[in-house]
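Worksheet: one structure, shown below.
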Amino acid sequence: MEYDQSTDGEHAEEHDTAVQEHVVTPEKIGVEAQQLDRRLTTAERLRIPARSLRRLSLLGLVYIVGMGLMAWWLPPFGQETSYVVLGALVLTAFVFELLDSAAGMGFGTALAPLLFILGYDPLQVTPVLLISETLTGLVSGGVHHELRNARFSIRPLNAETRLMLLLGGVGAAATLVSIVLAYFALVLPESFIKLYVSVLVLVMGVVGLVRARLVTTIEYRPRRLVAFAALAGVNKGIGGGGYGPVVTLGQILSGVYEKSAIAIAGLAESLVSIVGVLTFVLLAMGGVHMDLLLLPSIFTGGFLAAIAAPYLVRVLPNAVWRYVVPLYAFGIGLAALTIGLDI
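Numbering (the working numbering), first residue to last: 78 to 420.
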């Protein structure tokens, strides 16, 4: 079917949407994102339909409500905390969440060590990052859906949603396993775990780069997806991290369209983070004090990035992400091996 490319982007996209309601095969992940790339130019993808803009504007209300609840619940920053520090925290969270939501990995990996270096302790950092990842992952997933990088549907349950639930469910179960193992002190040597996960992410990054160079498409293999989900779950279950890189690259190496793989990984990781948040809630109920003073700043930067990143994914050609995702994973794995960065 031929489409008139001379029309403006919004008209072309709305017409394209109406046609796709009849032609998209729900079992094929990423079909809509792929068709959007093929039928609209980069300039046309810059334009967002008015209906989508109206829906996305509601996120402003979500942010205001969220910040209002934090202002009511959390104590204010002390006078010793300058606006420069607050601005730096917001900017840092924005940068790393932008990378995470646009490449499927890296928010906690990069931000946590930096906050530790700045003098914050684990009970100030870890709960805040988990809460922020939960919220920003949901926001990012919703924006990815609205901008058609991936389509999530409960009724009927489509392929993207099933894959997201598989990845998120395996990751959540693995998080529970890691908590149980830690409770009973049944942990593998930390140095071995870090080496294993670092090498795995590094190798997957190399394979992804080679694949991007030599192979333009990979046949969709659902069974391979299950294997990668299990591998990511094992990594998280033994306390070694590497969940984001493995689920994102695992999808790509299983034939999932890059843009959709990024969207699915982000939403799946938000489900995993919920388990971590609930764990800290139970710890707090048991008397463990947690300082959430960083949450408003980290949430603000992450929230803005969770909106901007899906738009960036939509606009840039998929060929860009074919290289960016494995290259970023390679960099994370290399940093973990050379300077001890926790993945």
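C-beta atoms are modelled at their ideal positions from N, C-alpha and C, and glycine is treated no differently.
Is residue i helix, strand or coil when you go by DSSP?
i           : result
residue 105 : coil
residue 381 : helix
residue 364 : coil
residue 227 : coil
residue 118 : coil
residue 235 : coil
residue 387 : helix
residue 128 : helix
residue 394 : coil
residue 373 : helix
residue 266 : coil
What's the C-alpha gap between residue i and residue j?
i           : j           : result
residue 394 : residue 266 : 42 Å
residue 123 : residue 269 : 46 Å
residue 200 : residue 159 : 21 Å
residue 398 : residue 404 : 9 Å
residue 367 : residue 107 : 40 Å
residue 401 : residue 151 : 38 Å
residue 207 : residue 171 : 15 Å
residue 167 : residue 144 : 14 Å
residue 218 : residue 340 : 6 Å
residue 164 : residue 300 : 45 Å
residue 298 : residue 337 : 15 Å
residue 244 : residue 345 : 6 Å
residue 406 : residue 191 : 18 Å
residue 149 : residue 372 : 13 Å
residue 99  : residue 234 : A caution first: residue 99 carries a pLDDT of 34, below 50, which makes its placement in the model unreliable, though a value can still be read off. Answer to the nearest angstrom: the Cα atoms are 17 Å apart.
residue 280 : residue 213 : 28 Å
residue 412 : residue 184 : 15 Å
residue 376 : residue 209 : 5 Å
What does the Cβ neighbour count give for residue i, buried or exposed, with the cut at 16 atoms within 10 Å?
i           : result
residue 362 : exposed
residue 410 : buried
residue 141 : exposed
residue 415 : exposed
residue 89  : Unreliable positioning characterises residue 89 in this predicted model, as indicated by a pLDDT of 47, which lies under 50. The coordinate reading is nonetheless provided below. By the neighbour-count rule (16 or more Cβ atoms within 10 Å), residue 89 is buried.
residue 134 : exposed
residue 127 : exposed
residue 231 : exposed
residue 289 : buried
residue 194 : exposed
residue 391 : buried
Report the CB separation of residue i from residue j in whole angstroms; it is logged as a contact under 8 Å.
i           : j           : result
residue 378 : residue 182 : Actually they do not touch by this definition, with Cβ atoms about 17 Å apart.
residue 319 : residue 274 : 4 Å
- Task: Pick out the complete alpha helix (DSSP H) segments inside the stretch 142-215, 4 residues or longer, and give them in chain order.
- Result: 160-180, 184-194
- Counting only runs of 4+ residues fully inside the stretch 280-359, write out the alpha helix (DSSP H) ranges in chain order. 299-314, 320-330
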